[in-house]
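Single-structure report; data block below.
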Amino acid sequence: MARWLPRSTDLTRFCQKLNRVKTLEDDMMETSFNRCLSTIDLTLLGIGGMVGSGLYVLTGTVAKEIAGPAVIVSFIIAGFASLLAALCYAEFGARVPKTGSAYMFTYVSVGEIWAFLIGWNVLLEYMIGGAAVARAWSGYLDSIFNHKIKNFTETHVGAWQVPFLARYPDFLAAAILLVATAFISFGAKVSSWLNHVFSAISMGVILFILIMGFVLAQPKNWSTQEGGFAPYGLSGIMAGTATCFYAFVGFDVIAASSEEARNPQRAVPRAIAFSLGLATGAYILVSVVLTLMVPWHTLDPDSALADAFYRRGYAWAGFLVAAGSICAMNTVLLSNLFSLPRIVYAMAEDGLFFQVFSRVHPRTQVPVIGIVVFGLLMALLALIFDLEALVQFLSIGTLLAYTFVAASIIVLRFQQQKGDVPVPVAGSRPNPEPHEGPSSSELKEYESFSDKLQLVDRDKSKEQREPGQLKAVFEPYLEFLSDFYPGEVVTVAVVTLMVSAICLCSILVFGNTHLHLPTWSYSLLLVLFSLGFLLSLLLIWAHEQQHSTQTFQIPLVPLSPALSIILNIYLMLKLSYMTWLRFAIWLLLGLLVYFGYGIWHSKENLREPRPQRVSARYVVFPGGSLEERVQAVQPSSQPATGLPDTDIDDCKR
Numbered sequence: 019m020a021r022w023l024p025r026s027t028d029l030t031r032f033c034q035k036l037n038r039v040k041t042l043e044d045d046m047m048e049t050s051f052n053r054c055l056s057t058i059d060l061t062l063l064g065i066g067g068m069v070g071s072g073l074y075v076l077t078g079t080v081a082k083e084i085a086g087p088a089v090i091v092s093f094i095i096a097g098f099a100s101l102l103a104a105l106c107y108a109e110f111g112a113r114v115p116k117t118g119s120a121y122m123f124t125y126v127s128v129g130e131i132w133a134f135l136i137g138w139n140v141l142l143e144y145m146i147g148g149a150a151v152a153r154a155w156s157g158y159l160d161s162i163f164n165h166k167i168k169n170f171t172e173t174h175v176g177a178w179q180v181p182f183l184a185r186y187p188d189f190l191a192a193a194i195l196l197v198a199t200a201f202i203s204f205g206a207k208v209s210s211w212l213n214h215v216f217s218a219i220s221m222g223v224i225l226f227i228l229i230m231g232f233v234l235a236q237p238k239n240w241s242t243q244e245g246g247f248a249p250y251g252l253s254g255i256m257a258g259t260a261t262c263f264y265a266f267v268g269f270d271v272i273a274a275s276s277e278e279a280r281n282p283q284r285a286v287p288r289a290i291a292f293s294l295g296l297a298t299g300a301y302i303l304v305s306v307v308l309t310l311m312v313p314w315h316t317l318d319p320d321s322a323l324a325d326a327f328y329r330r331g332y333a334w335a336g337f338l339v340a341a342g343s344i345c346a347m348n349t350v351l352l353s354n355l356f357s358l359p360r361i362v363y364a365m366a367e368d369g370l371f372f373q374v375f376s377r378v379h380p381r382t383q384v385p386v387i388g389i390v391v392f393g394l395l396m397a398l399l400a401l402i403f404d405l406e407a408l409v410q411f412l413s414i415g416t417l418l419a420y421t422f423v424a425a426s427i428i429v430l431r432f433q434q435q436k437g438d439v440p441v442p443v444a445g446s447r448p449n450p451e452p453h454e455g456p457s458s459s460e461l462k463e464y465e466s467f468s469d470k471l472q473l474v475d476r477d478k479s480k481e482q483r484e485p486g487q488l489k490a491v492f493e494p495y496l497e498f499l500s501d502f503y504p505g506e507v508v509t510v511a512v513v514t515l516m517v518s519a520i521c522l523c524s525i526l527v528f529g530n531t532h533l534h535l536p537t538w539s540y541s542l543l544l545v546l547f548s549l550g551f552l553l554s555l556l557l558i559w560a561h562e563q564q565h566s567t568q569t570f571q572i573p574l575v576p577l578s579p580a581l582s583i584i585l586n587i588y589l590m591l592k593l594s595y596m597t598w599l600r601f602a603i604w605l606l607l608g609l610l611v612y613f614g615y616g617i618w619h620s621k622e623n624l625r626e627p628r629p630q631r632v633s634a635r636y637v638v639f640p641g642g643s644l645e646e647r648v649q650a651v652q653p654s655s656q657p658a659t660g661l662p663d664t665d666i667d668d669c670k671r
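Here you go:
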């Protein structure tokens, strides 16, 4: 029976395949897309992706059912967490100006299977985002006509009572998605122009809402007679925060569009900062206005803003808000349909997804097949699914992507940049070169019998340490870490940090409610997992990282990404168990696709080196005068070539 068990070497190669990283081209500006987008174009794409149904629908839903007027605090926390994630996206988008967003960022730093799973979830994120916005668009348009479209559909087509499905098929939502798909197929310039038009109208309507809303504001709506400012307490605020993340998922459209930006190194970070700042301010101010205009418990979740103006006697203002919200939702639809096919294209171009989606139309320079196929899938989702169920499912995929991008930033920051010549560390093998004289900043190392011979003939305090190596100040205390490859300890520490964060957040969320832990064990576990998180963070910080770069870098690494990781994990654990169940099913489907297709067609298979026979190895012996003496040592399987016995004895020593 043992003959059927896999050998250890086969398991090792299999794990290496799962964790192989993408090899980037020397010229990352070369692309089959059209680099035509400016900083303003990217900023408006980001604003259009974030300011839509989240502003006009989700604000009222969270205020009435989850957090009350404290939805303002939920948006502040969600905006802060999104800022940490956005800074990570900004650094990656500037350093790796390729389409693919979180998928590409994970692929170049963490590994292939993790990148595929992130890409697989990002696909679902965009499909659900587009479908949810289309249903909100349909609901707002229907409210303008006094719900005549809904009544007609229920009367002549029928209705059903099935969990997670809509009460009736929304043909209007499916139709708008098909129309938007047709416009996106014409190219990036047409999409950008349409987004400019709708964004300008949307920002004008938001400005009107704020001015008119503050005029009609009544502070008594936050009083205790109406339930107070935070009727659901801290748990309601945090639960609302997890749902409010839907409002900020649009900023990653900027990173997904970096391959079509004229100057991505500068445009991507600026566009992300501008768009996220403006969107966060809009959400906070509109939440203030909405909950001050009418009591929070009387809000209409389907069309909160328009209904609030109707109830205050300004029917014309409600009509204007409804019309403006439709324009805002159009920008979100364009944003989702713009990004989704490009994620699919990146995965297909790498061989991890079906190759048909990697085809780019020669005239429009967009992946038309991906646009049409996934536009149809979005329309199908919008036709039958319920908005609230879709929004909850969307949050978990977004938070997972943010978590992996933050972890990827730490891993990549402590890796050596392409083309760097490392200081001798165990495992490095530069090509041997003839000695030209002593140098105070160079050391040569060649492969020895153990493959890990490190020659140290200089004062280590004067060495120029590379990213991933232990800092000189910590070497006397952590000398045992010097024997690892550069970045290896950091990678292990990142994994430990994420495990500690998961355990810590699990205790915080479930310790008192589901696990019913006694006070002493609850406190002890919190202390232990907090120490594990902090020690992992300190261990990462004790290593050198990349500093000199011409592109944007997120400040306070590894602290900023670590905060993003723990906050995202906490918010994920606040979601319902049904959301996790649907998410697990989707992951299993993704694994079937990967192991059935992706792992066999990955283009990294073509780059894997073939094993070669080694004919000779070299050992460098440092002399007192800093001169090097290189001697050939034949492998034991080959006959001796006449080396003096004394030299062979020296090699063995």
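Heads up: the sequence shown is residues 19 to 671, going by the numbering used here. Backbone N, C-alpha and C define an ideal beta-carbon position, used for all residues, glycine too. Only a predicted model underlies this, so the values are computations on that prediction, with no experimental measurement involved.
Here Leu533 carries a coil assignment [DSSP, helix/strand/coil]. Linking Gln179 to Lys168 through their CA atoms gives a straight-line distance of about 15 Å. A check of alpha carbon separations from Leu430 across Ala96, Val512, Leu394 and Leu496 identifies Val512 as the nearest. The residues Ser217, Ser293, Leu296 and Ala297, in chain order, have a CB closer than 7 Å to that of Ile65 in the same chain once the five nearest residues on each side in sequence are set aside.
Annotation: the stretch 181 to 238 contains the following complete segments of the alpha helix (DSSP H) (minimum length 4 residues), in chain order: 189 to 202 and 206 to 233. Look at Phe528 here: in three-state DSSP terms it is helix. Ile558 is positioned such that its CB atom lies closer than 9 Å to that of Leu515. Nearest to Ala112 by alpha-carbon distance, out of Glu277, Gly614 and Tyr420, is Glu277. For Ala104, the enclosing alpha helix (DSSP H) covers residues Val89 to Arg113. Shown here for Gly529: same chain residues with a beta carbon closer than 6 Å to its own, the five before and five after excluded, namely Leu535 and Tyr540 in chain order.
Of the other Cβ atoms in all chains shown, 16 or more fall within 10 Å of the Cβ of Gln563; this residue is therefore buried. If you draw a 10 Å sphere on the C-beta of Leu317, you find 16 or more other C-beta atoms in it, and that means buried. It is roughly 25 Å from the alpha-carbon of Thr199 to the alpha-carbon of Val223.
No Cβ-Cβ contact shorter than 9 Å links Ala397 with Ala150.
Contact check between the stretch 121 to 131 and the stretch 296 to 310: fewer than three CB pairs, one atom from each, fall below 8 Å, which does not count as touching. In the three-state reduction of the DSSP assignment, His561 falls in the strand class. Note on geometry: alpha-carbon atoms of Tyr420 and Pro380 lie some 33 Å from one another. When secondary structure is reduced to three states using DSSP, Ala260 falls in the helix class. Nearest to Gln283 by C-alpha distance, out of Ser220, Ile162 and Met46, is Met46. Judged by DSSP secondary structure, Glu130 falls within the alpha helix (DSSP H) whose first and last residues are Glu130 to Ile162. Between Ser620 and Ala285 a beta carbon distance of about 31 Å is seen, past the 8 Å cut, so the two are scored as non-contacting. Secondary structure at Ala248: coil, using DSSP grouped into helix, strand and coil. Taking every protein chain shown into account, the CB of Ser578 has 16 or more other CB atoms within 10 angstroms, so this residue is buried. In the three-state reduction of the DSSP assignment, Ala279 falls in the strand class, which pools E and B. Look at Leu55 here: in three-state DSSP terms it is strand. Shortest Cα-Cα distance from Tyr301 to any of Leu526, Val89 and Glu83 involves Val89. In this chain, the alpha helix (DSSP H) harbouring Gln34 covers Ser26 to Leu36. Fewer than three pairs of CB atoms, one per stretch, sit closer than 8 Å, so the stretch 586 to 606 makes no contact with the stretch 338 to 350. A straight-line Cα-Cα distance of about 6 Å links Leu310 and Pro237. Taking the Cα of Trp618 as reference, the smallest distance to any Cα among Arg25, Lys35, Glu109 and Thr27 is reached at Lys35. Out of Ile520, Phe93 and Phe403, the CA that lies nearest to the CA of Ala260 is found in Phe93. The continuous stretches of alpha helix (DSSP H) do not include Glu48, and DSSP gives it neither H nor E.
Under the DSSP assignment, Tyr125 falls in the alpha helix (DSSP H) whose first and last residues are Ser119 to Tyr125. Collapsing the DSSP output to three states places Leu496 in coil. In this structure, the straight-line span from the alpha carbon of Tyr186 to that of Trp155 is close to 15 Å. Inter-residue distance for Tyr74 and Ser321 is about 7 Å (C-alpha atoms, whole angstroms).
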